[in-house]
Each structure stands twice: as structure tokens, then as C-alpha cells.
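Notes for the one structure printed next.
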Amino acid sequence: MSTTQNSTLIPETQRGPAERLLDLVLSGSAHLWHNRPGLDVNGTWVAAAYATPAQRTVGKPVKPGLFVPAAVKLYRQLLDIYQLNSVLMAHFASYALTQTDWRDLKVATCALMLVQSHAGLPVKGDGGEVAFHDDDWRAIGEAMVLHYERKSTRMLTPKAVLRVAELLEQPEIARLNREAGFGDPASRKPPMGRWKRVAARWLAAREANVSMLQGLVKAGYKETLKKLARKAGYKPRAQGFFEVLGWKQKQAESGHRTVGLNGLTLVKRERFDGLSEAEICEWIEHERLSYKEVVGRLPQDLGMTPAIMAALLPSLSDRDLRLMTPTLEELGLLAEPTVRTRWEKAIQTATDQRALNIAKNVRSDVLRQKLEEASDNAARKAVEEATAETDVRVMFLIDKSGSMEGAIENSKEALARILAGFPMEKLHIAAFDTTGTVLKPKASNRTAVQHMLAGLKASGGTAHAAGVLALHRSGVRVPEGAKLVVIVVGDEAGEGGDQFARVFRDCGYSVAALALLVSVAGARGNTVRTCSSQLRVPFSEVNVDQFSDPYQVPRVLKALMDAPTLPGASQSGWVERVMRTPLLKVA
1 MSTTQNSTLI PETQRGPAER LLDLVLSGSA HLWHNRPGLD VNGTWVAAAY ATPAQRTVGK
61 PVKPGLFVPA AVKLYRQLLD IYQLNSVLMA HFASYALTQT DWRDLKVATC ALMLVQSHAG
121 LPVKGDGGEV AFHDDDWRAI GEAMVLHYER KSTRMLTPKA VLRVAELLEQ PEIARLNREA
181 GFGDPASRKP PMGRWKRVAA RWLAAREANV SMLQGLVKAG YKETLKKLAR KAGYKPRAQG
241 FFEVLGWKQK QAESGHRTVG LNGLTLVKRE RFDGLSEAEI CEWIEHERLS YKEVVGRLPQ
301 DLGMTPAIMA ALLPSLSDRD LRLMTPTLEE LGLLAEPTVR TRWEKAIQTA TDQRALNIAK
361 NVRSDVLRQK LEEASDNAAR KAVEEATAET DVRVMFLIDK SGSMEGAIEN SKEALARILA
421 GFPMEKLHIA AFDTTGTVLK PKASNRTAVQ HMLAGLKASG GTAHAAGVLA LHRSGVRVPE
481 GAKLVVIVVG DEAGEGGDQF ARVFRDCGYS VAALALLVSV AGARGNTVRT CSSQLRVPFS
541 EVNVDQFSDP YQVPRVLKAL MDAPTLPGAS QSGWVERVMR TPLLKVA
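Residues 1 to 587 in full-length UniProt numbering are what the sequence shown lists, from first letter to last.
Rendered as C-alpha cells:
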């Protein structure tokens, strides 16, 4: 058994903004909105349908929508980082929108940027003259809302723009903003910053482009657009805005309305009752209707048929196709060559690992394997993106000592989700207790990784260095110019960090960054963190439990794999990338 050491974790009060930002990305899923009933289990959201008996006992029912505890935690973390370094937060907001697919994180960062106090106000000199203007970080929040990129997922949807306001209106978020000095502490209204102004501008741009407005309605955002207009107090320029939304108007009590009161020709969705399947398909193709437009209009005695679903396929995104795999299987459409080809293309473009959850709901083993392939592809894309600028070699060291008994299985599941993302020629794996064993998957996929790890059992003492020595003896060398990222999976309880650091030097391995995937059954040590301090390289830490979130795996991999651009740098390479992101500007 290994010797337990005292933890040397940096106290919260001593952690800088860069460390806090990295921790936010590595330790929080930033998943705030849920579309199904859940349970609040000690501040964690759990799907009610899949809760364990113990979770049902202690959990409090939560309605679909914003999960407030997670929102408050995330917003407080962002606020802490902003107060320590507003420039870092400005770059992170720009990075979050343009470089990630983290939808709820975009909403939270946008809300903060719109309401925070750097608003470009004039700063006067001793004589009362304007010396200069303060930074206008609120303009970055505006740019996040107004950023448009056709057919891109890296912009705010109408629902996201509305959610920014809903987040700012939450009493606990409003309290945080007042305490930070972002609004009148005596006001009962929540600080909204520039949200109303920019939301009105966003709506005006859609009203001016009728095709875009119609497209949003077809995509199922009609009611969201109405809510946006009401909340922003938007005044349309012409009644065509109301017509496209099918929004009947009446005069306000004050009698101030002038648009949309007379002669409205409302665009209404008619049900398909009385139509045959062929007529419905013809209507879908002629009007280019989307799945959301059709599903609620079908006759009850007909429902969704293979022919109707086939007619709707052109309107579905790759993400939609992956999510609807069980439906496509049930309707027999995946046996059609054209549908199967389109679906397999969607498997190749996965950016998250949600397909692993979908795989549980299909009957075919072949489809299940394909969905697991989608998970592998998401991890692979994350690694490719993080290593695009640099030749990175990765060394995984897996602790299988006695102190890991009870935690080794969690480690295996986390590794099964991530190891398939790495090119085999650049990946080196060893398990260790007091001796090291080199591991090699038979192929670069989840099944091969699971097979490779199946025989690992927790026993023996702990010597991290043994894993490094085993790889060195097997001939592993790092080419000149390449960067070596070392990722340890375990509880850190082992030999002294100085001994662990010495073996890298003795083997000629120049480590660029060190990371720990924490998997703890009992007490933990500080071997890896102390080693990183001895080597003077960036250190990152993430709990293996984070990998149960299908959206979190690609995010964590990007952050862990971003090696610093300069040798000997103490800051995470991912934080460097964030700071290199150009600040968004309002067009």
C-alpha cells in the first residue's frame, strides 16, 4: 500500500484568475438548463427518470428549466475571475463564443459582460477634462449577442438571447451583481446592463431580413421570439413582423400602439387533419417544413410514418440525426441506403459524447457500435483541435496500486471515453504499482481501450516512476521539437514528488505539462502536484466523475492537451490560447 501524504492544494484565496478559469473548465459541466424533470441532490441536478432510490430519498423535485444552484455556482465563479482580471474574462467571453460549443457557458459569460461595470465611460483628469475612456467590455457582451455566422453553432440562438435575460433576472444572480457594484443596491429591479438595447437591435436585424425571420419561425422559435420582443420592449417598424409570427395585436390601455393593429394577415400553422400521408409529404417538400413545424400538426390516427420522416430528413441537422437514432431504427429508415449514408456522416461529425447515452436505447448491436464510434470521434476532434499548432506526445500513467481499490473501475470508464481520441503513434500508456507495465490498445476505439484495461486490478504499492521507466525501457522517445504532456490517473498517494520528477530527467523526457485525473477511493496524496512544481511546468487537475457528462469530455481534453507555446512556461497552454483570442467587436 502507498504512503499517504498531506495535500498541497493551493488555498482558494491564493489561486489566481488563470488557475480559477482552468478549474472552472475542468471541474464544471456548465449545464444549466434541463428540458425534463429532475431532482436537486445536494446542489447537483439528477434526471428524475434515472435517479437511484437513495437520490430519490434526499433529492428535491425540480421542474424543467433553469437549475438555479448550478447557475449561481457558475456565475459566482465567472464573477470571481472577472474581479481578479477583467481582461482575462473579456478574452474568455470572446473565446467561449467563437471557439466552443458550450451553450450555457456562452449565456452566462454574455450575461456577465453585458452587466459588468467597464462600460467605456469617460475618465476625467484633475482639471475636469476627459483624459480617456474606460474599457468598454459591455460591448463584448453586445458583440456576443449580435455575432452572426450562417449555419454555425458558434453564435447565440434566439433561446440563448432570451436565457441571458432570464439568468440576469434570477434573484440570486441579481444579488451577486448588486454586491459587485453592477447596479443600484437600493433598486428592486435586477441589473440588466445593455441586454434590452442589444436584444432590440438583434430583433431589428431579423425584422429587416424577412427570410431570416421566417427561417427562425420554421426552426421552432416563434414563441421564443414573442417572449424576446415582450421582454425587450421591442417596437417593430412594420406589421410584417407580427404577420410572420402569427401574432395578433390589440391596443394597449394607454393607446400608444400604432403598428400591427389593422389589416394583419397572420401566418398560421394549419393542422394536417384530413390529409393523406402522400399529401402531407408533398406539403413538407413544397414548403420545406422542419421537423418541429410538422410533429405537432400530424393527425392522431396517422402519427409519424417512415415516409413523413424521410420527407423531413433534409431539415434535420447532424446532431438531430444522432439524437433521433432510436426513432429512425424503429421506423426502419436506417435500412434505406440514402438515409444510412446521411446518418453515418452525422456519426463522423459528433462533437460530444451524448451518443453513448443514445446507444442504450437502440436494439441493434451494429447501431450501438456506430454510436460508440460517434463518441470516439468527438474525443478525436477535441484532441486534433488542441494539438493543431504543435506536435504533442501524450503519456498516460495509470495507478493500479492497492490505494486505488474501489476507484479503479471509475478510472477505466473515464479512460474508455478519452483514450480513443488519441493517435496511437503519439500515445504511450503504462499502468503501475511498484512495477510498471506498458499497455497498448489493439485499435483506436472505445472497445479496444476497454479490452486493454479489463485486466487491471488494484493491488500492491505505489511508484509513479515505475510507469515512466517501463515506457522508457520499451523504447518510447519524444522527437525533438515535440511537446510531452503527461496525464496521471490516480489518487496521487505515492513516492515523493521530487523522486517522480527525477525519473523524467534521468530518462531524458522534457515534460511540457502535467495533469492529474483524480480517482480517489480513500485518502489522496500530492505526488503529481509536487512533481509539477519540481519540473516547473503547468499543472491541471480534473475529477474522473466529470467524464460522466457527455459534453464535458471534449472540453476537458482541449484544456489538458494545450501545451504551452514557450518552454518552461508556468501557465496552462489553454489559458495562453484564451488570451490570444481576439476580442469580439460590435459590427
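Backbone N, C-alpha and C fix where the C-beta goes; we use that ideal spot for every residue, glycine too.
When every heavy atom of the ligand PLP is checked, does at least one fall within less than 7 angstroms of the C-beta of Leu456? In the structure shown, the ligand PLP is absent, as is every other ligand, since no ligand is present at all.
From this set, Asn35, Arg154, Leu88 and Ile81, which residue's C-alpha is nearest Pro64's C-alpha? Along the sequence shown, read from residue 1 onward, the residue named residue 64 stands at position 64. The shortest Cα separation from Pro64 among Asn35, Arg154, Leu88 and Ile81 belongs to Asn35.
Flag this pair as yes or no: are the beta carbons of Val537 and Ala515 separated by less than 8 angstroms? Within the sequence shown, residue 537 is the residue found at index 537, counting from 1. Within the sequence shown, residue 515 is the residue found at index 515, counting from 1. No, the pair does not count as a contact, with Cβ atoms beyond the cut-off.
8 angstroms contact criterion, which Thr581 and Gln99 should meet: CB distance rounded: For this step, residue 581 is matched to residue 581 along the sequence shown. For this step, residue 99 is matched to residue 99 along the sequence shown. So it is a contact: roughly 7 angstroms between Cβ atoms.
Among Gln552, Glu389, Thr325 and Glu384, the one whose alpha carbon lies nearest that of Val339: In the sequence shown, counting from the first residue as 1, residue 339 sits at position 339. The residue with the shortest Cα to Cα distance from Val339 is Thr325.
Simplified DSSP state of Gly255, which is helix, strand or coil: In the sequence shown, residue 255 corresponds to position 255, counting from 1. Because the pLDDT of Gly255 is 49, which lies under 50, any placement of that residue in the model is unreliable, and the number read from its coordinates should be weighed accordingly. Here Gly255 sits in coil by DSSP.
In this structure, how does DSSP classify Gly141 when only helix, strand and coil are distinguished? Looking up residue 141 in the sequence shown gives position 141. Three-state result, Gly141: helix.
Local Cβ density within 10 Å of Gly255, reported as buried at 16 or more and exposed below that: Your numbering for residue 255 matches position 255 in the sequence shown. Confidence at Gly255 is low in this model, with a pLDDT of 49, below 50, so its placement is unreliable and the value that follows should be read with caution. Exposed, since its Cβ has fewer than 16 Cβ neighbours within 10 Å.
Using the Cβ count rule (16 or more neighbours within 10 Å means buried), how would you classify Ala90? The residue given as residue 90 occupies position 90 in the sequence shown. Buried, by the Cβ-count rule.
Assuming the contact rule is C-beta atoms closer than 8 angstroms, Asp549 and Val518 should be a hit. Round their C-beta distance to whole Å, please. The sequence position of residue 549 within the sequence shown is 549, counting from 1. The sequence position of residue 518 within the sequence shown is 518, counting from 1. 15 angstroms between Cβ atoms; not a contact.
Determine the contact status of Ser375 and Arg417, defining contact as a CB-CB distance below 8 angstroms. Numbered from 1 along the sequence shown, position 375 holds the residue referred to as residue 375. Numbered from 1 along the sequence shown, position 417 holds the residue referred to as residue 417. Closer than 8 angstroms, so yes.
Is it right to say His133 is buried, meaning 16 or more other beta carbons lie within 10 angstroms of its own, or is it exposed? For the purposes of this step, residue 133 is taken as the residue at position 133 of the sequence shown. Of the residues assessed, His133 falls on the exposed side of the cut-off, its CB having fewer than 16 other CB atoms within 10 angstroms.
To which residues of the same chain is Met309 closer than 8 angstroms at the C-beta, ignoring the five residues directly before and after it? Counting from one through the sequence shown, the residue named residue 309 turns up at place 309. Closer than 8 angstroms at Cβ, skipping near neighbours: Thr327, Leu328, Leu331 and Leu333.
Buried or exposed: Gly303, going by 16 or more other Cβ atoms within 10 Å of its Cβ? Residue mapping note: residue 303 aligns to position 303 of the sequence shown, counting from 1. Residue burial is scored here from C-beta neighbours: Gly303 has fewer than 16 other C-beta atoms within 10 angstroms and is therefore classed as exposed.
Whole-angstrom C-beta distance between Val485 and Leu21, which should lie under 8 angstroms: Here residue 21 is taken as the residue at index 21 of the sequence shown, counted from 1. Here residue 485 is taken as the residue at index 485 of the sequence shown, counted from 1. Incorrect: roughly 19 angstroms between the Cβ atoms, too far for contact.
Kindly indicate which residue of Cys531, Glu277 and Leu112 has the alpha-carbon position closest to the one of Leu167. Walking along the sequence shown from the start, residue 167 turns up at place 167. Taking only the C-alpha atoms, the option nearest Leu167 is Leu112.
Of all the beta strand (DSSP E) runs that stay within the bounds of the segment 394-452, which reach a length of 3 or more residues? 427-432 and 436-439
Over the uninterrupted alpha helix (DSSP H) stretch that includes His91, give me the two end residues. Within the sequence shown, residue 91 is the residue found at index 91, counting from 1. Per DSSP, His91 belongs to the alpha helix (DSSP H) from Ser86 to Gln99.
Own chain, CB closer than 6 angstroms to Asp101, minus 5 neighbours either side, in chain order: Locating residue 101 in the sequence shown gives position 101, counting from the first residue. Around Asp101: Thr153 and Thr351.
Closer than 6 angstroms by C-beta to Met424: which residues in its own chain qualify, once you throw out the five before and the five after it? Chain order, please. Taking the first residue of the sequence shown as 1, we reach residue 424 at position 424. Excluding positions up to five away in sequence, the list reads Ser444.
What is the DSSP secondary structure of Lys345, reduced to helix, strand or coil? What you label residue 345 is simply residue 345 of the sequence shown in a count that begins at 1. Looking at Lys345 - three-state DSSP - the assignment turns out to be helix.
Please classify Asn209 as buried or exposed, where buried requires at least 16 other C-beta atoms within 10 Å of its C-beta. Residue numbering aside, residue 209 sits at position 209 when the sequence shown is read from its first letter. With fewer than 16 other Cβ atoms within 10 Å, it is exposed.
What is the DSSP secondary structure of Phe242, counted as helix, strand or coil? Sequence index remark: in the sequence shown, residue 242 carries index 242 (1-based). Three-state result, Phe242: helix.
Decide yes or no for the touch test of the segment 390-410 against the segment 518-535: beta carbon pairs closer than 8 angstroms, at least 3 of them. Taking 8 angstroms as the limit for Cβ pairs, the verdict is that the segment 518-535 does touch the segment 390-410.
Beta-carbon within less than 7 angstroms of Arg194's beta-carbon, same chain only, minus the 5 sequence neighbours each way: which residues are those? Position 194 of the sequence shown, counting from 1, holds the residue named residue 194. Only Leu114, Arg138, Gly141 and Glu142 meet the Cβ criterion.
Near Asp40, what residues of its chain come up, given a Cβ to Cβ distance below 7 angstroms and the 5 sequence neighbours on each side ignored? By one-based count along the sequence shown, residue 40 stands at place 40. The beta carbon of Asp40 sits closer than 7 angstroms to the beta carbons of Gly59, Lys60, Val62 and Pro69 from its chain, once the five residues preceding and following it are set aside; these are given in chain order.
Gly215 in three-state terms, based on DSSP: As a first step, residue 215 is located in the sequence shown; it is residue number 215 there, counting from the start. If DSSP states are grouped into helix, strand and coil, Gly215 belongs with the helices.
Contact check, Val488 vs His464, beta carbons under 8 angstroms: Position 488 of the sequence shown, counted from the first residue, corresponds to residue 488. Position 464 of the sequence shown, counted from the first residue, corresponds to residue 464. The answer is yes: Cβ separation under 8 angstroms.
Can you tell which of Arg188, Ser94 and Gly120 has its C-alpha closest to the C-alpha of Cys110? The residue given as residue 110 occupies position 110 in the sequence shown. Cα-wise, what sits closest to Cys110 is Ser94.
If you run the structure through DSSP and keep just helix, strand and coil, what is Pro69? Taking the first residue of the sequence shown as position 1, residue 69 is located at position 69. In this structure, Pro69 counts as helix in the three-state DSSP scheme.
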